[in-house]
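Each protein sequence line maps, in turn, to chains A and B. So for the first sequence, the numbering used here puts the first residue at 441; every next one is plus one. So for the second sequence, the numbering used here puts the first residue at 441; every next one is plus one. No residue lacks a Cβ here, since even glycine has one placed at the ideal position from N, Cα and C. Being a predicted model, the structure only gives us computed values, none of them experimental. First up is the structure itself, then whatever we jot down about it.
Number of protein chains: 2
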Amino acid sequence: MLQNYKKGLINHKISPTTQRVKILEFLDKNRTHPTAEQVYLGLKDKMISLSKATVYNTLKLFVESGLIHELTVFENETRYEYNTENHIHFKCIKCGNIFDIHEGNKIFAESVINGHKIFDYQINLRGICNSCLNKNGENNA
Amino acid sequence: MLQNYKKGLINHKISPTTQRVKILEFLDKNRTHPTAEQVYLGLKDKMISLSKATVYNTLKLFVESGLIHELTVFENETRYEYNTENHIHFKCIKCGNIFDIHEGNKIFAESVINGHKIFDYQINLRGICNSCLNKNGENNA
DNA sequence: TCTAAAATTAGAATTATTCTAAATCTGTCA
DNA sequence: TGACAGATTTAGAATAATTCTAATTTTAGA
Ligand SMILES: [Mn+2]
Ligand SMILES: [Mn+2]
Ligand SMILES: [Zn+2]
Ligand SMILES: [Zn+2]
């Protein structure tokens, strides 16, 4: 079990320290898109010395290595999930839970998917803009 | 000119105070998806007494009345725009600018729209989940 | 085993946002 | 007009998420 997490980390060239293995295990077993704070609270009882800085650093490391995904859904709290498959998120304005949606592109506003009633949506793209693409060569930071 | 902003506010049942008119004007003339901080900095020279709390309160009021839109694009800073038409946002990871995209649904990852190269994207929906829909009547907060 | 680099830690610092309580403004009607 | 209640604005404190810092601990390799 834990061996699998260790292997996963090594595959991503991340040395599998105790803290990192535990954080990865937590994300695997808690598919509720937890915040960094929630990861910290969920683990600190078992790991007395765990520091918040380690949680933040580790989550960032995992995201940069592509091991996990980072998301923000209509709010200023970053959330994390072990599932890196491409999917859509739905946030309930009553209970606050975030659900995964695997149905493909439809017209979203004012319709219903998986029984969830959708009021509005955001689509955010990320990449390099045409202006920055055209001035490459000079400084490609 | 300013009269139009006043009328817009009154149409939305918002009393057109000096601060509110100026903030709306700023959003109209700065279509760069500014943050609350940027709105504040852009206005404080002309309005010495302007308070950040007023900027935050006013932006929230405008959003709740549907006069403007609020967005977060891969980051923990809320941004605002006067344009309430449904459109997509593209954030450049080099210059940080946020561009409007009016092209409809395509398959986004690894493709190009308007000359911007797209690496990844997020689709976020918002509404009421089926579980909350099914327990209505009891407490519809 | 020794050593340098990597990782972790506690807590301070920073930043975005909200809260609070006092001051100011506005519209109404005597 | 003038007083008053309610709405609005203000400055700064409070809160919350995240990052930074400097010291300590762990790890891996010679
Ligand atoms: Mn998900
Ligand atoms: Mn826009
Ligand atoms: Zn719900
Ligand atoms: Zn750019």
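Query                                                                                                                                                                                       : Result
Please output, in chain order, the residues near ligand 3 using a CB cut-off of less than 5 Å to any non-hydrogen atom of the ligand.                                                       : A:C532, A:K534, A:C535, B:C569, B:C572
Closer than 8 Å by C-beta to B:V567: which residues in its own chain qualify, once you throw out the five before and the five after it? Chain order, please.                                : A quick correction: the sequence has Gly, not Val, at residue 567 of chain B. Here the set comprises nothing.
Based on Cα-Cα distance, which residue from A:Q478, A:H509, A:L507, A:G506 lies nearest to A:V495?                                                                                          : A:Q478
Would you tell me roughly how many angstroms separate the C-alpha atoms of B:Q443 and A:L507, rounded to the nearest one?                                                                   : 54 Å
Counting contacts by CB-CB distance shorter than 8 Å, is A:I463 in contact with chain B?                                                                                                    : no
Between B:N570, B:N537, B:F530, B:I463, which lies nearest to B:I558 when the distance is taken from Cα to Cα?                                                                              : B:F530
Select from the region 548–563 of chain A all residues with a C-beta closer than 8 Å to any C-beta belonging to chain B, and list them in chain order.                                      : F548, A549, I553, N554, G555, H556, K557, I558, F559, D560, Y561, Q562, I563
Would the C-beta of A:N468 count as close to ligand 1, meaning under 7 Å from any of its heavy atoms?                                                                                       : Checking the displayed sequence, the identity of residue 468 of chain A turns out to be Asp instead of Asn. Not under cutoff, so the answer is no.
Tell me the rounded alpha-carbon separation between B:C572 and A:G536.                                                                                                                      : 10 Å
Between B:T472 and chain A, is any beta-carbon pair separated by less than 8 Å?                                                                                                             : no
Which two residues bound the contiguous alpha helix (DSSP H) that contains A:I463?                                                                                                          : 458–469
Identify, in the order they occur along the chain, each residue of the same chain with its Cβ nearer than 8 Å to the Cβ of A:Y520, setting aside the five sequence neighbours on each side. : L467, H473, P474, T475, A476, V479, L499, F502, V503, I508, H509, E510, L511
Give the residues whose C-beta lies closer than 5 Å to at least one heavy atom of ligand 2, in chain order.                                                                                 : B:E521, B:D540
Leaving out the 5 sequence neighbours to the left and right, which residues in its chain are closer than 8 Å to B:L449 when beta-carbon positions are compared?                             : S455, P456, R460, V461, L464, L507
Determine, using beta carbons only, whether A:L511 comes closer than 8 Å to chain B.                                                                                                        : yes
Are A:D540 and A:H556 touching if we call contact CB-CB under 8 Å?                                                                                                                          : no
Around the C-beta of B:L565, are 16 or more other C-beta atoms found within 10 angstroms, so that it is buried, or is it exposed?                                                           : buried
Does DSSP classify A:E521 as helix, strand or coil?                                                                                                                                         : strand
Please decide whether A:I528 counts as near chain B, where near means a Cβ-Cβ distance under 8 Å.                                                                                           : yes
Whose C-alpha, out of B:K486, B:T524, B:V513, is nearest the C-alpha of B:T458?                                                                                                             : B:K486
Strictly below 7 Å CB to CB, what residues from chain B border A:G506?                                                                                                                      : Under the 7 Å cutoff, chain B gives no residues; its nearest Cβ is about 11 Å from A:G506.
Could you check whether the Cβ of B:N554 sits closer than 7 Å to any heavy atom belonging to ligand 4?                                                                                      : no
Measuring only between beta-carbons, confirm whether A:F514 sits less than 8 Å from chain B.                                                                                                : yes
I want to check one thing, is the minimum distance from the CB of B:N537 to the heavy atoms of ligand 6 below 7 Å?                                                                          : Here the bound small molecules are ligand 1, ligand 2, ligand 3 and ligand 4; ligand 6 is not part of this structure.
Return yes when the Cβ of B:N497 is within less than 8 Å of the Cβ of A:N516, no when it is not.                                                                                            : no
I'd like to know whether the C-beta of A:F539 is nearer than 8 Å to at least one C-beta of chain B.                                                                                         : yes
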